[in-house]
Amino acid sequence: VWGNGALGFTFEPDHHADTSPAAYGANVRAYAKAMKAVDPSIQIGVELTPFAGAGPPGQPLPDWNDPVLAAAGDAVDFADIHFYDNGGDDSALFATPRYIPQLMSAIRGEVGSRVQIVVGETNSAGLDPGVQSHTTPDALYAPDDILTWLEQGASLVNWFDTRHSAFPDQTGSPDDPNGLGYATWGLLADGPDACVTNTAGQQACEEPLNTPYPGYYGYGMATRLATPGAKLVSTTGATSPIVTHAAVQPNGRLVVLVENEDPTNAHDVRLAFDGYHPRSIGLAFTYGPNGQKVTVQPTDTIHLPPY
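First residue of the sequence shown? That's 706 in this note's numbering, and the numbers climb one at a time after it.
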């Protein structure tokens, strides 16, 4: 796929004699024909880059998508893209989902209305996971990222990943203020045998196996909205640093996600409803900085501490 060297860098080796996007598209067509000869209902996808003329500022990549799609033609049933933040401080991270509508529009313009779009990988960091990947900002970023893609019409969003080996981080640096000395893409810890030597020359090891990181709880918050049969609905009125998403469940229950991305100030939020008449405000499921669980309590107000 597009990390095979055709764009000037290689992180997914490809031993075909021709590694061009056109050759990849032609191989997809031949592969799809063979697969559908066995099972006509099978769905075949192609890997596209998420940099189709839109998105966060950065160095644009050479065109991979158009040659792939031109060669593969109607053999494509879905397009798979991988979406990561380009790095930066927390405020830059939190701004990243605002680019998703623009990206989705560009990708939809390339693949047309018939082809499904799936987000096969997403996380708060791309090539170099830092402290955000296992601290509270990840818990705030994950549901905003996931739900925004679904709101824009993605058929599927996969967080990368469940567990992952550790990456070295400089202990005590701005990238690692809690002094763990490592970073990871995982939602759950890979265990104490997952160790790295950090930049201070010290061994840093992950938490006990399957210990949840904050992103795990943020991902769980997204699943309270994105349940089978739920309908995501629009929210208005919220401005930075308040982020909102909402969904109506099949039983008619409205679920609202409200985030405070302000690191220092608390905010109070009042809900108003257009075309929906709640019988009562029910349970609040709350996750806060460095929490080890989601708390549940009855509420009739929404008070959001920092982060």
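We put the CB at the ideal spot given by N, CA and C, even for glycine. Note that the structure is a prediction, hence the values are computed from the model and not measured.
>> Looking only at its chain, what residues have a beta carbon closer than 6 Å to the beta carbon of Thr-853, apart from the 5 residues adjacent to it on each side?
In response: In the sequence shown, residue 853 corresponds to position 148, counting from 1. Cβ within range, chain order: Pro-802, Ile-805.
> Mind pulling the beta strand (DSSP E) runs of 3 or more residues that sit fully within the segment 924-992?
Replying inline: 936-938, 947-953, 959-965, 972-974, 988-991
> Based on Cα-Cα distance, which residue from Gly-835, Ser-810, Ala-780, Asn-828 lies nearest to Asp-665?
Replying inline: Any question about residue 665 goes unanswered here, given that the chain covers just 706 to 1012.
> So Ile-1007 packs on Asp-967, CB below 8 Å; how close in whole Å?
Replying inline: One-based indexing of the sequence shown puts residue 1007 at position 302. One-based indexing of the sequence shown puts residue 967 at position 262. Not really, about 14 Å apart at Cβ, beyond 8 Å.
> Whole-angstrom Cβ separation of Asp-843 and Tyr-918, contact assumed at under 8 Å?
Replying inline: Position 138 of the sequence shown holds residue 843. Position 213 of the sequence shown holds residue 918. Confirmed, about 7 Å.
>> Quick check: what's the CA-CA separation for Tyr-922 versus Lys-998?
In response: Within the sequence shown, residue 922 is the residue found at index 217, counting from 1. Within the sequence shown, residue 998 is the residue found at index 293, counting from 1. Those two C-alpha atoms are separated by around 7 Å.
>> Which residues does DSSP list as the beta-bridge partners of Gln-1002?
In response: By 1-based counting over the sequence shown, the position of residue 1002 is 297. According to DSSP, which records beta bridges pairwise, Gln-1002 is partnered with Ala-989.
> Exposed or buried, which one is Glu-752 when buried takes at least 16 other CB atoms within 10 Å?
Replying inline: Within the sequence shown, the letter at position 47 stands for residue 752. When all chains shown are included, Glu-752 counts as buried.
>> Do Phe-865 and Thr-889 have their beta-carbon atoms positioned less than 9 Å apart in this structure?
In response: Along the sequence shown, one-based indexing puts residue 889 at 184. Along the sequence shown, one-based indexing puts residue 865 at 160. The answer is no: Cβ separation not under 9 Å.
> What did DSSP end up calling Asn-770 once you bin it into helix, strand or coil?
Replying inline: On the sequence shown, residue 770 is found 65 positions in, with the first residue counted as 1. Helix.
>> What would DSSP say about Gly-996, mapped onto helix, strand or coil?
In response: Along the sequence shown, one-based indexing puts residue 996 at 291. Coil at Gly-996, not helix or strand.
>> If contacts are defined as beta-carbon pairs under 8 Å, then His-787 and Glu-826 qualify, I think. What distance do you get, rounded to the angstrom?
In response: Along the sequence shown, read from residue 1 onward, the residue named residue 787 stands at position 82. Along the sequence shown, read from residue 1 onward, the residue named residue 826 stands at position 121. About 4 Å; that satisfies the 8 Å criterion.
> Who are the near neighbours of Gly-708 in its chain, counting only those whose CB is closer than 8 Å to its CB and skipping five residues on each side?
Replying inline: As a first step, residue 708 must be located in the sequence shown, where it is residue number 3. Counting only Cβ-Cβ distances below 8 Å, and skipping sequence neighbours, we find Phe-714, Thr-715, Phe-716, Glu-717.
>> For Ala-931 and Leu-861, what's the separation of their Cα atoms in angstroms?
In response: Within the sequence shown, residue 931 is the residue found at index 226, counting from 1. Within the sequence shown, residue 861 is the residue found at index 156, counting from 1. Each residue's Cα considered, the two are about 10 Å apart.
> For the putative contact between Val-816 and Asp-785, defined by C-beta atoms under 8 Å, what is the C-beta separation to the nearest angstrom?
Replying inline: Mapped onto the sequence shown, residue 816 falls at position 111. Mapped onto the sequence shown, residue 785 falls at position 80. Val-816 to Asp-785, Cβ: 11 Å. No contact.
>> Suppose you measure from the CA of Pro-1010 to the CA of Thr-969; what does that come to, to the nearest Å?
In response: To locate residue 1010, count along the sequence shown from 1; it is residue 305. To locate residue 969, count along the sequence shown from 1; it is residue 264. Their backbone Cα atoms lie some 8 Å apart in a straight line.
> Which one or two residues does DSSP pair with Asn-709 in a beta bridge?
Replying inline: The residue given as residue 709 occupies position 4 in the sequence shown. According to DSSP, Asn-709 bridges with Thr-715.
> Going by beta carbon distance, what residues of the same chain come within less than 8 Å of Tyr-924, once the five residues before and after it are set aside?
Replying inline: Taking the sequence shown and counting its residues from 1, the one referred to as residue 924 is at position 219. Excluding residues within five positions, the ones whose Cβ falls inside 8 Å are Ala-847, Pro-848, Ile-851, Trp-864, Leu-892.
> How many Å lie between Thr-841 and Asp-895 at the Cα?
Replying inline: For the purposes of this step, residue 841 is taken as residue 136 along the sequence shown, with counting starting at 1. For the purposes of this step, residue 895 is taken as residue 190 along the sequence shown, with counting starting at 1. When rounded, the distance between both Cα atoms is 19 Å.
>> Quick check: what's the CA-CA separation for His-839 versus Asp-719?
In response: To locate residue 839, count along the sequence shown from 1; it is residue 134. To locate residue 719, count along the sequence shown from 1; it is residue 14. Straight-line Cα distance between these residues: approximately 32 Å.
> So, is Lys-952 buried or exposed, given that buried needs 16 or more other C-beta atoms within 10 angstroms?
Replying inline: As a working note, residue 952 is residue 247 in the sequence shown. For the sequence presented, residue 952 should be read as Ala rather than Lys. Burial call: buried.
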